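**Q**
Residue numbers (my numbering): 5 to 628.
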């Protein structure tokens, strides 16, 4: 077998040896052996040494080497048939050999060789293609601290494999071709100071009112997002990937310039629609590299400060350290959120619950665990919600900000749509990974008329909030895709959108200078403190929750007694909301099971919240 480092820089040599060992076996057995070989070597520590497509400019990555890529599946292509094993004949000597077609885009054929694609020894097999994009809305701090090898690691000098000597063109990707993509991927922030980032970046912390994608062919869900998309080739039939799946992929990077010519030949196809599909599915590799997957791991979280494997010893130790300090971390985060919410402690409690909420199960189509919070009586200062979103982006791994205005609703593309000419799903802004915090700002909403696009967008937002579902537009029928997005709505009056809880803000600060107000958080948002708070939020979301029989009986008895005393005091919907709130209070304390005190706290929070709603003028409130 190859040496210790050869599998990173010379993976085709490793794969060829495995191929030779399995010549008499099925293609599935060969693929499984390749995956097992690389999976065993992709330990947590080893992954840190692999170059990352997310953070390394493409012109500093070596085509044909092993890389890692954190991404979200944006589209699932139809299965593709290819020759997994084919015969190659030397035209001079007549010698014939069998080559492996897997984990490649271009057949391995020398200048004096020819491939016999009609040979009876050939084997046609199936592989799956996925269009993947960097995780939409991923925080800049996540990208900054993802462990990765140096930029030059993927380009270390080495002797080429004998089988690769005729593949020189695969390595020669011109810098001119990939300059634009490399620049787009270089989106690291230069400052960690909260106020500095606010003053320089807050105006662009979300899609602008008239934003259109600069490179629409890259099909990014968020128009302003930068990064490198990849077409991922998957050879195993055991791996299940769906739209919006968030994964980390270890694979062989291919930027062969010959891929750019597959649709340049006018004789390739006389059908315009077929050409459009070919161009969409096989764009130039300098813009959309190919990644031949060796190892795919679903990400339960994307916080780089914590081990990605929650059952690993390193994660368990980090979790134990966090829980030893959970009380002070919780109080510190509540204090920061209270300051950002202008002195409203109750709102801070609900915001904390919202940040760690998430769908943990579904009963039929009903999602359990979500908590959409609508904060009304929000200040209508032009930049307040953006300042607040920026703070949340410093605390959470992924977040998206959206101004709910007539212009945006009537023009934005929120729902993904099937393009039958290109046979692909064009991206929509609601294509978001699990755990994304979606901040909706209704404070600038004016009266006016929604066009059909606006009606569709408002319905899509309502479906995400109520059902955690996005109905992809397949023209003749919708295709429901389940999601798991934490929605937070800020409005002047009660939101026009559905919500799980409605809380009017009760602020103690008025007529503020926003920059000065938020700058007071600088001394508390140190790197050490931020790391702890970020890990605290991520870890709380992942705690397995259960209710003991004893506590369950107390809760049930309390519900029955309350209903007997006053049926109007607690409806079934109220009870369901209480169950969600007590769960989130429990998780925020780092506990897997609630106690009676937590149940009482949840009831007190809900009673106070309802009292605030009751004080609103009747025209400004619903039954929430």
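Even for Gly, the Cβ is constructed at its ideal location relative to N, Cα and C. Given the structure is predicted, the values throughout are model-derived calculations rather than measurements.
Do residue 378 and residue 499 come within 9 Å of each other at the CB atom, strictly closer than that value?
**A** In contact: residue 499 and residue 378 (Cβ atoms closer than 9 Å).
**Q** Anyone know if the C-beta pair for residue 436 and residue 493 falls short of 9 Å?
**A** No, they are not a contact pair.
**Q** Does the region 591-602 come close enough to the region 541-550 to have 3 or more Cβ pairs within less than 8 Å?
**A** The answer is yes - the region 541-550 touches the region 591-602, with three or more Cβ pairs under 8 Å.
**Q** Taking the alpha-carbon positions, what's the residue 620 to residue 573 distance?
**A** C-alpha separation (whole angstroms): 18 Å.
**Q** Residue 456: buried (16+ other C-beta within 10 angstroms of its C-beta) or exposed?
**A** That one is exposed.
**Q** Can you tell me which of the three DSSP states residue 535 falls into?
**A** In this structure, residue 535 counts as helix in the three-state DSSP scheme.
**Q** Report yes or no: do the region 388-407 and the region 440-454 share at least 3 C-beta pairs separated by less than 8 Å?
**A** Taking 8 Å as the limit for Cβ pairs, the verdict is that the region 440-454 does touch the region 388-407.
**Q** What would DSSP say about residue 280, mapped onto helix, strand or coil?
**A** In the structure shown, residue 280 sits in a helix (DSSP, three-state: H, G or I).
**Q** Just how far apart, CA to CA, sit residue 254 and residue 44?
**A** Rounded to the nearest angstrom, the two C-alpha atoms are 12 Å apart.
**Q** Per DSSP, which one or two residues make a beta bridge with residue 296?
**A** In DSSP, residue 296 forms a bridge with 237, 256.
**Q** Using beta-carbon positions only, say whether residue 584 and residue 240 come within less than 9 Å of one another.
**A** No. Outside cutoff.
**Q** Give me the residue from 484, 423, 507, 601 with the minimum Cα distance to residue 345.
**A** The residue with the shortest Cα to Cα distance from residue 345 is 507.
**Q** So, with DSSP's three-state summary, where would you put residue 357?
**A** Reduced to three states, the DSSP call for residue 357 is helix.
**Q** State buried or exposed for residue 296, treating a residue as buried only when at least 16 other CB atoms are found within 10 Å of its CB.
**A** Under this definition residue 296 is a buried residue.
**Q** Locate the beta strand (DSSP E) running through residue 430, then write down its first and last residues.
**A** Residue 430 -> beta strand (DSSP E) spans 428-430.
**Q** Tell me which same chain residues have a C-beta within less than 6 Å of the C-beta of residue 245, skipping the five on either side of it?
**A** So the list reads 77, 134, once near-sequence residues are dropped.
**Q** Quick one: what's got a C-beta closer than 7 Å to residue 19's C-beta in the same chain, skipping five residues either side?
**A** Cβ neighbours of residue 19 beyond the five flanking positions: 38, 104, 107.
**Q** Let me know if residue 82 comes out buried or exposed under the rule of 16 or more other beta-carbons within 10 Å of its beta-carbon.
**A** It is exposed - the Cβ of residue 82 has fewer than 16 other Cβ atoms within 10 Å.
**Q** Skipping 5 residues on each side, what residues in its chain have a beta carbon closer than 8 Å to that of residue 600?
**A** 555, 558.
**Q** So residue 439 packs on residue 401, CB below 8 Å; how close in whole Å?
**A** Right, their Cβ atoms sit about 7 Å apart.
**Q** Run through DSSP, which three-state label would residue 322 get?
**A** Three-state result, residue 322: helix.
**Q** Considering residue 490, what are the terminal residues of the alpha helix (DSSP H) in which it resides?
**A** Element bounds for residue 490: not the alpha helix (DSSP H) but the beta strand (DSSP E), 490-494.
**Q** If you follow the alpha helix (DSSP H) that residue 123 is part of, which residue opens it and which one closes it?
**A** Unbroken run through residue 123: none, as it is neither H nor E.
**Q** Pull up the distance between the alpha-carbon of residue 325 and that of residue 602, whole angstroms please.
**A** Roughly 23 Å between the two C-alpha positions.
**Q** Mapping the DSSP letters down to three states, classify residue 26 as helix, strand or coil.
**A** Three-state result, residue 26: coil.
**Q** With the cut-off set at 9 Å, would you say residue 257 and residue 84 are in Cβ contact?
**A** No, they are not a contact pair.
**Q** Can you list, in chain order, the residues of its chain whose CB lies under 7 Å from that of residue 616, leaving out five sequence neighbours each side?
**A** Contacts found: 507, 508, 510.
**Q** By how many angstroms is the C-alpha of residue 420 removed from the C-alpha of residue 284?
**A** Each residue's Cα considered, the two are about 16 Å apart.
**Q** Per DSSP, what kind of secondary structure is residue 342 in: helix, strand or coil?
**A** In the structure shown, residue 342 sits in a helix (DSSP, three-state: H, G or I).
**Q** Check whether the Cβ atoms of residue 127 and residue 223 lie closer than 9 Å to each other.
**A** Cβ atoms of residue 127 and residue 223: not closer than 9 Å.
**Q** Please list the terminal residues of the continuous alpha helix (DSSP H) segment that includes residue 559.
**A** Start and end: 553-569.
**Q** Compare the Cα-Cα distances from residue 608 to each of 231, 350, 17 and report the closest residue.
**A** Of the candidates 231, 350, 17, the one whose C-alpha sits nearest the C-alpha of residue 608 is 350.
**Q** CA-CA distance, residue 329 and residue 315?
**A** Using only the alpha carbons, I get a separation of about 21 Å.
**Q** Out of curiosity, what's the CA-to-CA distance linking residue 92 and residue 288?
**A** Between residue 92 and residue 288, the C-alpha separation is close to 27 Å.
**Q** Look up residue 34 in the DSSP assignment and give the residues it is bridged to.
**A** Paired residue(s): none; residue 34 is not in a bridge.
**Q** Going by beta carbon distance, what residues of the same chain come within less than 8 Å of residue 10, once the five residues before and after it are set aside?
**A** Cβ neighbours of residue 10 beyond the five flanking positions: 17, 18.
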